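Here is the structure we will look at, set down as structure tokens.
In the numbering used here, the protein residues as written are 22 to 732.
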């Protein structure tokens, strides 16, 4: 399977998302809001570091702090001024200073505003120049004793003192600002608001995304089921039920993962990566330009492993179909398995398919794990490289960063890890989903063997006769025709029986008449008009069928009788049941007509199931009746009850019956004998018996109990 083919399958899947474009746009808005708020939160943390934790002079301030001070601070209420300090420390033997002192705090720190250094001696004896006239400083020093302050001529607030013991004097340039406290609370509140925005946007994105995902899956399931329900019998005969069920259920569930990614990591990860790189670029464009190309290298192993995941997933899904088929055969044939003691044989076969499934799944998981582990390992190496190269550039003064901007850059790069790791998950999940998508659309794209012709009209009902005109049909893959040039007619109200050895074409003629299959050549006409001129559904509305093996759905008795007549009233259902002589049996059930019959109607006997299908045919009240020897598999008592119900059902209808027990066709208006897909004899029961042909021989053998009743 080529990459283009896989991508085409994914795009087709996304086509089912288009009807929900408004929801998708809203989800995209929420995703942008989520990623943007998260990046702004990181930038705000950098602002706290530059403005509160490690303030510096304005010239050394980071880009985040400068942007805040220039564009946001002027618009905030109150008189907020960011701290702007540069501190120089001197180790002094003695010093004489004057200024406005503050009381000694509990830690022994004294701060002097508008201070002037009059005389100072460094440790070691060197003199320090006094403060130039007209220039005042902010000084801090620590002392363990009381400081004696004397009056200073500059004013009442000013004092002077002389420290004769060694002291560490800090000279603070700039201003401590007036809004450090206000800035701290503003940033804390803003981060809290951003956290709420992130949480709320994430919640609604998840809720809306999951709702759309569920709707899309339901749409695909409906499309798939609708296509499967219209497929021909040939389609189902060429595929195992387990494979069809696996594709319809398991593969659609696998597809769910890729749809879920669409509203999660598929869009969230690129947006988070974009916002994180933009934030890192804002903090330091030089370091970002160095780091970004290295991030792109991480995608190479992801794509390589994705190919292996796609191949492994396709093989695994195929083996899932085999195991599903094994379970299906066990459940449907449990009586045969038990009767012939085939438990170990079926277990061995299931073990073989399970082993193949295990190997394929392990191989897929290894490929998936390799992709994610390689990305994780390379990212850690990249992080080490960024720290090493970035630190070297900082030491060499090739890059100038404040502590806040450096924090923002590192946090932004760290934020890139999750989306890059998720990117590996996205690629492998999409690869796995591509295999499932291909299998699903393989079913959907399977062409219908036949469809109604354009402009097909409604079937008006049989008025006169049914004609088979030189009809030929061959099953796919077969070399000979199953029906080979068959021609006969059925007059309205007649009962025509089809007899012949097994494989002579009797059931195939049934399928062709009901348009369950299409003949390769020839015509089947109702009142002179080809059946292809009418819609198939309108034709089937005039046909009822009772088969040899009655099929009942896992639902209530009443729902089973209703069948295609879903709008029938309860009274009509009861009337049909009485006509089929099954009403009393139904009333004996625990919940009467509301009793659930279970899988294939196993709560009923064979005769009861058959009479229930006859009740279904009574309710439909179709003028054309197809009977596939409905009494062949019944005991004598059940056969008598069913035969009586059939005789009532056949009254005043056009009937085509497959007869395995030739004694049941003696009242038919005409008997048609088939062999090898051709008509070899035709006439009444008496006429055919007198001719001494195949029919006569089969009739005599059955009367002697020597012939196979399937003939």
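Just so you know, even glycine gets a beta-carbon here, dropped at the ideal spot from N, CA and C.
Since the structure is predicted, the reported quantities are computational estimates derived from the model, not experimental observations.
Cut-off 7 Å between Cβ atoms - residues of its own chain near residue i, not counting five sequence neighbours on either side
i, result
"residue 122", "131, 133, 170 and 180"
"residue 247", "none"
"residue 717", "709 and 710"
"residue 51", "222, 225 and 226"
"residue 672", "none"
"residue 84", "303, 304 and 426"
"residue 242", "273"
"residue 586", "640 and 641"
"residue 731", "With a pLDDT of 45 at residue 731, under the threshold of 50, the modelled position of that residue is not reliable, and the figure given next carries that caveat. These residues qualify, in order along the chain: 523 and 681."
Test item: CB-CB of residue i and residue j under 9 Å
i, j, result
"residue 304", "residue 426", "yes"
"residue 509", "residue 543", "no"
"residue 173", "residue 120", "yes"
"residue 662", "residue 627", "no"
"residue 21", "residue 589", "Shown here, the chain extends from 22 to 732; a query on residue 21 therefore has no answer."
"residue 691", "residue 518", "yes"
"residue 578", "residue 610", "yes"
"residue 538", "residue 512", "no"
"residue 252", "residue 469", "yes"
"residue 47", "residue 229", "yes"
"residue 695", "residue 566", "no"
"residue 644", "residue 530", "no"
"residue 143", "residue 114", "yes"
"residue 318", "residue 204", "no"
"residue 162", "residue 65", "no"
"residue 714", "residue 701", "yes"
Neighbourhood of residue i by C-beta, 8 Å cutoff - its chain only, sequence neighbours within 5 removed
i, result
"residue 406", "315"
"residue 433", "60, 63, 297, 298, 300, 301 and 304"
Three-way DSSP call (helix, strand, coil) for residue i in this model
i, result
"residue 138", "strand"
"residue 643", "coil"
"residue 151", "coil"
"residue 573", "coil"
"residue 110", "strand"
"residue 587", "coil"
"residue 617", "strand"
"residue 543", "strand"
"residue 733", "This structure does not reach residue 733, given that the chain is present from 22 up to 732, and the question cannot be answered."
"residue 122", "strand"
"residue 466", "helix"
"residue 506", "strand"
"residue 78", "Confidence at residue 78 is low in this model, with a pLDDT of 49, below 50, so the placement of that residue is unreliable and no value is reported for it."
"residue 299", "helix"
"residue 555", "strand"
"residue 488", "strand"
"residue 182", "strand"
"residue 130", "strand"
"residue 538", "coil"
"residue 38", "coil"
"residue 710", "helix"
"residue 632", "helix"
Neighbourhood of residue i by C-beta distance below 6 Å, restricted to the same chain and skipping five residues each side
i, result
"residue 41", "233"
"residue 218", "58"
"residue 443", "286 and 290"
Status (buried if at least 16 other CB within 10 Å, exposed otherwise) for residue i
i, result
"residue 463", "exposed"
"residue 733", "The structure shown does not extend to residue 733, since the chain spans only 22 to 732, so no value can be given for it."
"residue 281", "buried"
"residue 39", "exposed"
"residue 250", "exposed"
"residue 110", "exposed"
"residue 706", "buried"
"residue 557", "buried"
"residue 272", "buried"
"residue 216", "exposed"
"residue 186", "exposed"
"residue 478", "exposed"
"residue 660", "buried"
"residue 138", "buried"
"residue 679", "buried"
"residue 78", "Confidence in residue 78 is poor, its pLDDT being 49 and thus under 50, which makes the residue's placement too unreliable to answer from."
"residue 440", "buried"
9 Å Cβ cutoff, residue i in contact with chain B
i, result
"residue 250", "Reference to chain B is not applicable here, since this structure consists of a single protein chain."
key: Cβ contact (3+ pairs, closer than 8 Å) linking the segment 481-498 and the segment 268-288   = no
Do the segment 557-571 and the segment 604-620 make contact, defined as three or more Cβ pairs closer than 8 Å? no
Examine the Cβ distances between the segment 629-641 and the segment 574-585 and report whether three or more of them are shorter than 8 Å.
yes
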